[in-house]
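Protein chains in written order, with the working numbering: chain A, 32 to 230; chain B, 32 to 230.
Using N, Cα and C, we set each Cβ at its ideal position, and we do this for glycine too.
Working notes, structure below.
2 protein chains.
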Amino acid sequence: MPKVGQKPIRRAALVSATIGEIGRTGSLDVTVGQIAKTAGMSTALAHSYFESKDALFLAAMRHILGEFGISVRRRLKKADTPEQRLAAIVDASFGQDQFQDHIVSAWLVFYVEAQRAPEAARLLRIYGARLHSNLVHELRQIVPLKSAANIARGTAAMIDGVYVRGAPKGGNPNYKETGHLVKEYLDVMIAYANENNGK
Amino acid sequence: MPKVGQKPIRRAALVSATIGEIGRTGSLDVTVGQIAKTAGMSTALAHSYFESKDALFLAAMRHILGEFGISVRRRLKKADTPEQRLAAIVDASFGQDQFQDHIVSAWLVFYVEAQRAPEAARLLRIYGARLHSNLVHELRQIVPLKSAANIARGTAAMIDGVYVRGAPKGGNPNYKETGHLVKEYLDVMIAYANENNGK
DNA sequence: GGATTTTTATTGATCGGTCAATCAGAAAAA
DNA sequence: TTTTTCTGATTGACCGATCAATAAAAATCC
Chain A
32 MPKVGQKPIR RAALVSATIG EIGRTGSLDV TVGQIAKTAG MSTALAHSYF
82 ESKDALFLAA MRHILGEFGI SVRRRLKKAD TPEQRLAAIV DASFGQDQFQ
132 DHIVSAWLVF YVEAQRAPEA ARLLRIYGAR LHSNLVHELR QIVPLKSAAN
182 IARGTAAMID GVYVRGAPKG GNPNYKETGH LVKEYLDVMI AYANENNGK
Chain B
32 MPKVGQKPIR RAALVSATIG EIGRTGSLDV TVGQIAKTAG MSTALAHSYF
82 ESKDALFLAA MRHILGEFGI SVRRRLKKAD TPEQRLAAIV DASFGQDQFQ
132 DHIVSAWLVF YVEAQRAPEA ARLLRIYGAR LHSNLVHELR QIVPLKSAAN
182 IARGTAAMID GVYVRGAPKG GNPNYKETGH LVKEYLDVMI AYANENNGK
């Protein structure tokens with residue numbers, strides 16, 4: 032059974048199991064043993080592939096962040112106008128691949144972890160900066176720079192807010208409607224910013 | 032030292048210490064012993080006043096929610112128009128007494144806890160419903176009902192989002208500016224809703 | 001091509017430590 | 001003397017991490 036090149040397979044299985052178990056319990060109160068079991072291996076082996084539980088969780092978040100980035104880039108390719116590109120970014124946040132119970136749970140845990148673990152805080156900062164930069168890049172083409180920064184912050188806050196509010200399980204009812212809330216914010220704020228500037 | 036009528040005093044001290052320790056560590060990974068020590072008593076005594084650690088945390092959140100409610104009502108008394116009353120609700124969320132590091136940390140932990148502990152989930156639902164109800168009550172006086180519900184949801188999401196984004200410590204810079212982000216959303220959305228309806 | 005050595009993969013058992021919760025009893029009012 | 005308040009010590013359980021040992025492939029040698 033033991034073959035060469037198991038490392039990437041095992042690591043992927045552990046990352047996937049970590050996200051799954053966080054989703055199942057809604058917290059990081061999951062033993063490494065339970066995660067390992069779900070991934071089909073022993074506790075010791077899990078520890079041989081990840082230095083610590085923290086490192087395992089960080090790998091899981093990097094995976095989620097990576098998938099999100101892929102989703103954004105894929106949608107951006109199909110978008111031409113700044114408006115379409117903004118919608119693409121928002122849609123990526125609320126796509127079926129991202130806006131799921133266990134992903135949302137992981138995000139919540141991530142926010143808490145970022146208060147305690149410096150590496151998690153760093154990762155969160157990077158994500159935030161990148162999102163902000165992406166939003167501003169599009170917005171400044173259609174609204175004044177000052178408004179662009181402001182609207183970008185509002186958009187990011189609302190995305191996170193919808194995530195947080197989507198967390199209490201039992202009802203993740205309407206992907207489209209939640210995303211629509213953010214896109215509506217963008218539409219109206221953009222129109223308003225230009226109206227004021229045009230005068 | 033041991034006197035009659037210590038219960039409310041001790042309980043208040045424990046609730047306060049719980050919030051403080053959550054703020055200090057940014058998580059619920061605080062021992063009851065540490066909380067008790069901060070509150071100036073033994074671990075055993077803390078357990079005699081609260082059935083469990085969960086119960087202690089819930090009491091802390093009820094306290095925060097209670098203070099928030101008081102702050103809202105105090106501000107509502109001074110407000111006359113629906114617009115002022117909406118601003119009062121938002122201002123309460125970002126007042127100096129609410130938008131503090133340890134309160135924000137407690138909120139984050141609360142969201143995670145609500146995924147696991149049914150009683151926390153219940154408390155969170157109640158808070159959400161009340162906030163929504165308050166917002167809609169004011170909004171429906173100045174915009175169509177359908178818009179009111181929509182704007183209320185957006186406002187609530189943005190409040191939570193700003194909280195979550197305010198959590199990564201090191202910079203809780205501008206109370207007023209963050210609150211302004213939400214109030215701007217309200218202003219613009221209200222104007223937009225009426226514009227569309229008037230036509 | 002078979003026997004060996006080396007490398008990689010894997011696990012059961014365990015260690016060291018932590019922590020929530022309990023209990024029996026001390027200390028101080030009433 | 002009774003009641004309330006309080007604590008040190010302890011219990012029982014859990015968990016992250018480690019380690020020694022096993023198993024199986026791959027590489028090397030004869």
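Checklist entry - Can you check whether the CB of D191/A is closer than 7 Å to the CB of V195/B? => result yes
Item to check | Closest residue to V193/B among E114/B, S83/B, S136/B (Cα-Cα distance) | outcome: S136/B
Next on the checklist: Contact criterion: CB-CB distance below 7 Å. Does K214/B meet it with respect to chain A?
Outcome noted: no
Next on the checklist: Using a 10 Å radius around the Cβ and a threshold of 16 neighbouring Cβ atoms, would you call Q129/B buried or exposed?
Outcome noted: buried
Checklist entry - Does the distance from the CB of A48/B to the CB of T69/B come in under 7 Å? => result yes
Checklist entry - How would you call Q172/B, buried or exposed, if buried means at least 16 neighbouring beta carbons within 10 angstroms? => result exposed
Checklist entry - If you draw a straight line from the C-alpha of G229/A to the C-alpha of V103/B, how long is it? => result Because G229/A sits at a pLDDT of 46, beneath the cut-off of 50, its placement in the model cannot be relied upon, and the following sentence gives the value as read from the coordinates. Approximately 37 Å, taken between the alpha carbons.
Checklist entry - Just the Cα atoms here: how many angstroms apart are K99/B and A123/B? => result Note on identity: in this sequence residue 99/B is Phe, with Lys being the wrong assignment. One C-alpha to the other measures close to 7 Å.
Item to check | Three CB pairs or more closer than 8 Å across the stretch 175-183 of chain A and the stretch 205-225 of chain A | outcome: yes
Checklist entry - Is there a Cβ from chain A that is less than 7 Å from the Cβ of Y223/B? => result yes
Next on the checklist: I need the boundaries of the alpha helix (DSSP H) containing T49/A, first residue and last residue.
Outcome noted: 38-56
Checklist entry - Where do the N-terminal and C-terminal ends of the alpha helix (DSSP H) with A118/A fall, by residue? => result 113-125
Item to check | Whole-angstrom distance between M92/B and V213/B, CA atom to CA atom | outcome: 24 Å
Item to check | Partners in chain A for S178/B, counting only beta-carbon separations shorter than 8 Å | outcome: Near S178/B there are no residues of chain A at all, since even the closest Cβ is about 10 Å away, more than 8 Å.
Checklist entry - What residue does the alpha helix (DSSP H) around D85/A start on, and which one ends it? => result 84-108
Next on the checklist: Between which residues of its own chain and S58/B is the CB-CB distance below 7 Å, once the five residues before and five after are set aside?
Outcome noted: V140
Next on the checklist: Can you pull the chain B neighbours of I190/A, defined as C-beta to C-beta under 8 Å?
Outcome noted: G192
Next on the checklist: Along the chain, where does the alpha helix (DSSP H) containing G71/A start, and where does it finish?
Outcome noted: G71/A -> no alpha helix (DSSP H), and no H or E assigned at all.
Checklist entry - In chain order, what residues of the same chain lie with their CB nearer than 7 Å to the CB of L176/B, ignoring the 5 residues before and after it? => result none
Checklist entry - If you run the structure through DSSP and keep just helix, strand and coil, what is Q172/A? => result coil
Next on the checklist: Which residues in chain B have a C-beta closer than 9 Å to the C-beta of L154/A? List them in chain order.
Outcome noted: Under the 9 Å cutoff, chain B gives no residues; its nearest Cβ is about 11 Å from L154/A.
Item to check | DSSP three-state assignment for T62/B, whether helix, strand or coil | outcome: coil
Checklist entry - With a cut-off of 7 Å, does the C-beta of K230/A fall near any C-beta of chain B? => result Any reading at K230/A must be qualified, since the residue scores a pLDDT of 43, below 50, and its modelled position is unreliable; the value itself is stated next. False, the Cβ-Cβ gap to chain B never drops below 7 Å.
Checklist entry - Is there at least one Cβ from chain A nearer than 7 Å to M32/B's Cβ? => result Here M32/B scores only 47 on pLDDT, less than 50, and its place in the model should not be relied on; the value that follows carries that caveat. False, the Cβ-Cβ gap to chain A never drops below 7 Å.
Item to check | Neighbourhood of F81/B by C-beta distance below 6 Å, restricted to the same chain and skipping five residues each side | outcome: L87
Item to check | CB-CB length for G197/B against T186/B, believed under 8 Å | outcome: About 16 Å; that fails the 8 Å criterion.
Checklist entry - For L155/B, which residues of its own chain have a beta-carbon under 6 Å away from its beta-carbon, when the five flanking residues on both sides are left out? => result A145
Next on the checklist: Contact criterion: CB-CB distance below 7 Å. Does Y80/A meet it with respect to chain B?
Outcome noted: no
Checklist entry - With respect to the alpha helix (DSSP H) encompassing D132/B, which residues constitute its N-terminal and C-terminal limits? => result 132-144
Checklist entry - Are the beta-carbon atoms belonging to V160/A and D85/A less than 7 Å from one another? => result A small correction: the amino acid at residue 160/A is Ala; Val does not occupy that position in the sequence shown. Taking 7 Å as the Cβ cut-off, A160/A and D85/A do not qualify as a contacting pair.
Item to check | Pair within 7 Å by beta-carbon distance, Y158/A and L96/A | outcome: yes
Checklist entry - When burial is assigned at 16 or more other CB atoms within 10 Å of the CB, is V35/A buried or exposed? => result exposed
Next on the checklist: Taking 7 Å as the threshold (beta carbon to beta carbon), is Y158/A in contact with chain B?
Outcome noted: no
Item to check | Whether H168/A touches G54/A by CB criterion (7 Å) | outcome: no
Item to check | Neighbour-count burial assignment, A67/B, 16 or more Cβ in a 10 Å radius | outcome: buried
Checklist entry - Distance, Cα to Cα, R247/B vs P39/B? => result The structure shown does not extend to residue 247/B, since chain B is modelled only from 32 through 230, so no value can be given for it.
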